[in-house]
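Chemist:
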Amino acid sequence: MTTSVTPWWKALKIRQEILSASGQIDDVQMSLFRAVHGTGTDQPPYADARYYGEITHPTERLIDLLTEIAVRIGAGDDYLKARAVTRLDQGMGGGKSHACIGAFHLADNPESLLGTELGKRVAERAKAKVGRPLAGDLGRPHVVVLPCDNMTPAAGVQDLDGPAISLYERFLWRLFSRDYSLFERYQPFWSDKHKIAEAIRAVNRPVLIIVDEVLDYIGNGLDGANKPDLAAQDMAFLRALLDVVNDVPHVAMLVVMIASDTDKTALSAAAQERRDDLNSLLERNGTPATVTEVGDFADILRRRLFDAEPAAEVLAATAAIHEPVLEDKAWAKQVWDAIGADWRRRWSAEVAACYPFHPMLMSLAKEEWSKVTGFQRVRSTIRIFAATVYAQQQRGKAGEWVPALIGPGDLPLSDSAVREALLGSGLVEDERTIANYRSLAEIEVVNHGGSSGTARLQDIERPTSMWSESNPRAAERAATFIFLASIVGTLRPGRGRGASAPEVKAATSVPDARYTITDADSVVDELVNPSRGMSALDIIPGQGNNKPARYFLSTRLTHRMLVNNIRRTITEAERDQVIAEVAQKLASSGPFRDLKFVPADPERSADDVLATAGLDTAYTSRLIVLDPAQYSLRNGMEKPTVEALTIAMGLGQGARQLPVQWASSAVYAVVNTQRRGLARGLAVEYLARQKALAAPEVQNDDELKATGTKELTTARQQLEKAIKRAYQHVVYLAQPDPDGERYLDQLTFDEDNLTALDGTMVWKGLADRDKVFDAGQFGARPLLHNLRDQDYGKTLSDIRAAFYSAPRLPLLYSGDRDLQQSIYDAASDSLVSIVDGAGTEVAVTAPGQVNLSSTSLRLAKPKPKTCLTCGQSAHEGTCLASGDNDAQRGATSDSGASVYAASTGSGGKVTAEAGSDSGSTAAPAKDRQVAFSFTSNLLASSDNADGLAALFRAFYMALDERQISYLQGTIQLVLQGEAAEQIQQRLEELGIRATFKEI
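In terms of our numbering, the sequence shown opens at residue 2 and continues consecutively.
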């Protein structure tokens, strides 16, 4: 539990210039030119000597530098106790411009600067150096400022340079304060040491000469002027001046030229020669100096960022709340000891020195960042930390969480000022890498709005815990430290590549005992998880406790990185679409005559989609594949699908009953809900790889392209396999008992190698359920077995329709061909007869002559065969009554029967007598006319309602199976309004006029 302590953003007051710039300090890179020549709004605050003293931490080296200048120009006869020429050769961001401005204020306005803390320290050291105090005005020195980074060779600025063209002339114009006569007198003597010394003495005051960024002038500047004579004169002048300054009393010179080994400026051969020449002169005549060192970081930052020092009690309280975690045995063993946290041993002193920054962050800046080539040590650090304290203060004011001490994981990368300060600090060398890390910060850590990014989302989505309030950005803090440890390049100075696991855990720590090392382990493990964590992370596995795992955010595009990034952008609609497309390609009709796919429509209900899909196709066996996006079975989510299928099969009740005729010949392939989930996951993987392979960066990289192609192929195979397995269910209309109710039945494939997308597999499974006949199974005998007595006398068209519409009849493998063949075979074997409307038997000589579309030909039971001689049942051999008289045969002939003769093996003849009742064959059933009337109050008796419902259901069955050939009647009934509207719609569709009225 944390103790109440005044937060740093309340204990410290951020300087107004930082607040006004929203954390982006414009003048971190101080400009000597603007401090000396700036006017109005262009004049920076530090142009005032007192303000400069307030924001400048008096480092030992800066005090030494200013003391040397003060003694040289203001100590009278003791001027020789200080050096004349000082060269500032630190790299960018080392405080050179800051020091030059301090030297300018010292000479130009000594009273004001000497009144500041910095000035007092300089005065004290000067007194100790010469044995007496210096004059308050230092002898009224004159300052000559040559800001070479703001000068163009051979192109003077009238307001500043007057008539001067060369560097020597510009020196004279400033030395003589625009006195033209003195300027003309000494103008010709640009290389005359005696005349230059005489000119300096003519001022009759101490002189401080500041030459800033001289390489900008003598290097590419003189090259650009393309005037060899000018270049020769300017270099001769500098040689002479450096010698003269050492010889003339009360003259000091401060020259800024970065050391050659740290300055990467590209120079021509001529410019390089000039640089080497001047470098030799400075080494001979001057003393190199620096004004800051690594140990000054914390003090410089606090002085630059805040108005005043923190209260001692705040420092003590802040240090105290962290001590329990620092002393915790588990944290110490697994984190603090592992990272070599030396600052832990001097904790209170370190907090006092670094506040409000955590000693771990300050150590990172001092010991690592400062050693990176290109990092502008003071300037870059100020920019980064200024943006950080401003952003964190704004969070605090908004009531959001702010760390008690700003650690290495607390640089808010969601703030553009912080992010750009880091990336532009010199820690990252080239623009391409900067751009890559900018993207990584957004994608892997946190985006600008603080609502996305891998790490940020993990924090947002993490279930509430005991430490949620005290460490709500744990994953983001861990990821931020990995980011900081990665941008310095492949190898951290003294540390290795990337961030170690203990360092990352340390970055997540908070002064709350409820956040344990176990919690830190969990946060980091989730962050580096290959599937759910940062995708651009290179993980170097650990090797025991002495060599923990390391994490590095790589800017080199890897296929895994690209796939992971794209995966997050794939929508559910894209995922479901690719599943539908693959399912359609995998589906095959097999023995089914037609294959249909019903796409999902999220804007409509599942039953409405099926009802309007046009699935009720006549005389066609159909395998209908339902889109997994809207239809599935099992796992407690099947109700909408079952209801939709019930209605689509014509089994709906009331207003939901559809006029479906061919439901029996429709078979539906439906996915399993649980297996659909697996397929959806693989669909996302497939889409991510498909999009990754199409990306230009992959197409232009042979290695990435090869990897992407291989992974896409594998992903496609896995997706197809998962979709096949997902289509596990087959739904169809069943009626095993011809006199029973119709209902939905299901066939489920449990074996992984079976799928409802394969029509052949589905047909085989339905054959086992007697829903269909497999190839070669249907013939004359199965036909007779499936025909009922009332089927005889029906037209061939009705018989054909029944095999597609009546679920009591199985579907045929070859459809109409199988039915034609079976009828032909049955007729040939005298098992059935085909008769015309008059009852006359029709002979067929081939299966193709069985016209299944005929509404005049009917299927009849066969007539008994009789002997043409004796009139008795057909028999083998010669008829014994062959000698009977003609009258006997005539009697038979005069009976009026239509006969035909067929040759038998013994030469006898066989007749087929129409209407004969002889033998065991029953006469074909005749149509009956039915007429009845009734009146019933259904409100009074529920039994009557049930009975009439059964009666009308029998009517429905008779109509559905084409057993009613004529219908006439009048029905008058009273019913509910909604039902009346349904019936009215149906009547209108049939063209039947009806009378409806309100009662």
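Backbone N, C-alpha and C fix where the C-beta goes; we use that ideal spot for every residue, glycine too.
Just to confirm, is the Cβ distance from Asn-151 to Phe-34 under 8 Å?
Modeler: Closer than 8 Å, so yes.
Chemist: Return helix, strand or coil for Lys-597, following the three-state DSSP convention.
Modeler: In this structure, Lys-597 counts as strand in the three-state DSSP scheme.
Chemist: Can you name, in chain order, every residue of its own chain whose Cβ lies under 8 Å from the Cβ of Leu-976, other than the five neighbours on each side?
Modeler: Once the five neighbours on either side are set aside, the close Cβ partners of Leu-976 are Ile-984.
Chemist: Going by beta carbon distance, what residues of the same chain come within less than 8 Å of Ser-98, once the five residues before and after it are set aside?
Modeler: These residues qualify, in order along the chain: Gln-30, Met-31, Ser-32, Leu-33, Asp-213 and Val-257.
Chemist: My parser needs the alpha helix (DSSP H) runs of 4 or more residues fully inside the region 474-561; what are they?
Modeler: Runs found: 475-488, 502-508 and 518-528.
Chemist: Would you call the region 16-28 and the region 228-243 touching, i.e. three or more CB-CB distances under 8 Å?
Modeler: Too few Cβ pairs lie closer than 8 Å, so no.
Chemist: Along the chain, where does the alpha helix (DSSP H) that runs through Tyr-805 open and close?
Modeler: Counting along the chain, the alpha helix (DSSP H) containing Tyr-805 begins and ends at 797-806.
Chemist: Assuming Thr-87 is part of the beta strand (DSSP E), what are its boundary residues?
Modeler: Note, Thr-87: beta strand (DSSP E), 86-89.
Chemist: Looking only at its own chain, which residues have a Cβ that is under 7 Å from the Cβ of Ala-981, when we skip the five neighbours before and after it?
Modeler: Closer than 7 Å at Cβ, skipping near neighbours: Phe-997.
Chemist: Would you check if the region 738-755 and the region 587-602 touch, i.e. whether three or more CB-CB distances between them fall below 8 Å?
Modeler: The region 587-602 is not in contact with the region 738-755.
Chemist: From which residue to which residue does the beta strand (DSSP E) around Arg-859 run?
Modeler: Taken as a continuous stretch (DSSP letters only), the beta strand (DSSP E) holding Arg-859 covers 859-861.
Chemist: State buried or exposed for Met-467, treating a residue as buried only when at least 16 other CB atoms are found within 10 Å of its CB.
Modeler: Exposed: under 16 other Cβ atoms inside 10 Å.
Chemist: DSSP on Gln-747, reduced to helix/strand/coil?
Modeler: Residue state, collapsed to three classes: strand.
Chemist: Apply the 10 Å Cβ neighbour rule to Pro-603 and answer buried if 16 or more other Cβ atoms are within range, or exposed otherwise.
Modeler: It counts as exposed.
Chemist: DSSP beta-bridge partners for Ala-290?
Modeler: Bridge partners of Ala-290: Leu-89.
Chemist: Going by beta-carbon coordinates alone, are Ser-1001 and Val-326 separated by less than 8 Å?
Modeler: Outside the displayed range of the chain (2 to 1000) lies residue 1001, so it cannot be described from this structure.
Chemist: To the nearest whole angstrom, what separates the beta carbons of Asn-286 and Val-86, a pair I think is in contact under 8 Å?
Modeler: Confirmed, about 5 Å.
Chemist: Would you call the CB atoms of Thr-389 and Val-419 closer than 8 Å?
Modeler: Contact flag set, yes.
Chemist: Which of the three DSSP states is assigned to Phe-184 in this structure?
Modeler: The answer is helix: DSSP assigns Phe-184 an H, G or I state.
Chemist: In the DSSP assignment, what residue or residues form a beta bridge with Val-668?
Modeler: Beta-bridge pairing links Val-668 to Leu-624.
Chemist: Count the CB pairs spanning the region 528-541 and the region 436-449 that are closer than 8 Å, and state whether there are at least three.
Modeler: Result yes; three or more Cβ-Cβ pairs closer than 8 Å.
Chemist: For His-730, list the residues DSSP reports as bridge partners.
Modeler: Val-671 and Thr-749, per the DSSP bridge assignment.
Chemist: Between Arg-576 and Val-685, which are expected to be in contact by the criterion C-beta below 8 Å, what is the C-beta distance as a whole number of angstroms?
Modeler: So it is a contact: roughly 5 Å between Cβ atoms.
Chemist: Under a three-way DSSP split, which group does Phe-177 fall into?
Modeler: Here Phe-177 sits in coil by DSSP.
Chemist: Are Glu-432 and Arg-457 close, meaning C-beta to C-beta below 8 Å?
Modeler: No, the pair does not count as a contact, with Cβ atoms beyond the cut-off.
Chemist: Please report the straight-line C-alpha distance between Asp-826 and Thr-715, rounded to a whole angstrom.
Modeler: About 52 Å.
Chemist: Roughly how many angstroms lie between the CA atoms of Ala-48 and Gly-96, to the nearest whole one?
Modeler: Roughly 16 Å separates the two Cα atoms.
Chemist: In chain order, what are the residue ranges of uninterrupted alpha helix (DSSP H) at least 4 long that sit wholly in the region 303-332?
Modeler: Here the runs fully enclosed are 313-328.
Chemist: Quick check on DSSP: helix, strand or coil for Pro-148?
Modeler: Looking at Pro-148 - three-state DSSP - the assignment turns out to be strand.
Chemist: On a Cα-Cα basis, can you pick out the residue from Leu-216, Glu-721 and Tyr-53 that is closest to Ile-259?
Modeler: Nearest option by C-alpha distance: Leu-216.
Chemist: Which residue's Cα is closest to the Cα of Ala-807: Val-773, Glu-125, Gln-675 and Ser-829?
Modeler: Of the listed residues, the one whose Cα sits closest to Ala-807 is Val-773.
Chemist: Let me know the secondary structure DSSP gives His-58 once reduced to three states.
Modeler: Reduced to three states, the DSSP call for His-58 is coil.
Chemist: Step through the CB atoms of chain C and report whether any lies within less than 8 Å of the CB of Ser-487.
Modeler: In summary, chain C is missing from the structure at hand, where a single protein chain is found.
Chemist: When the Cα atoms are used, what is the spatial distance from Val-246 to Arg-84?
Modeler: Taking the straight line from one Cα to the other gives about 10 Å.
Chemist: According to the neighbour-count rule (16 or more other Cβ atoms, all chains shown, within 10 Å of its Cβ), is Ser-633 buried or exposed?
Modeler: Counting Cβ neighbours within 10 Å, Ser-633 comes out buried, since at least 16 surround it.
Chemist: Which value, in whole angstroms, describes the spacing of the CA atoms of Gly-454 and Asp-160?
Modeler: So the two alpha carbons sit approximately 53 Å from each other.
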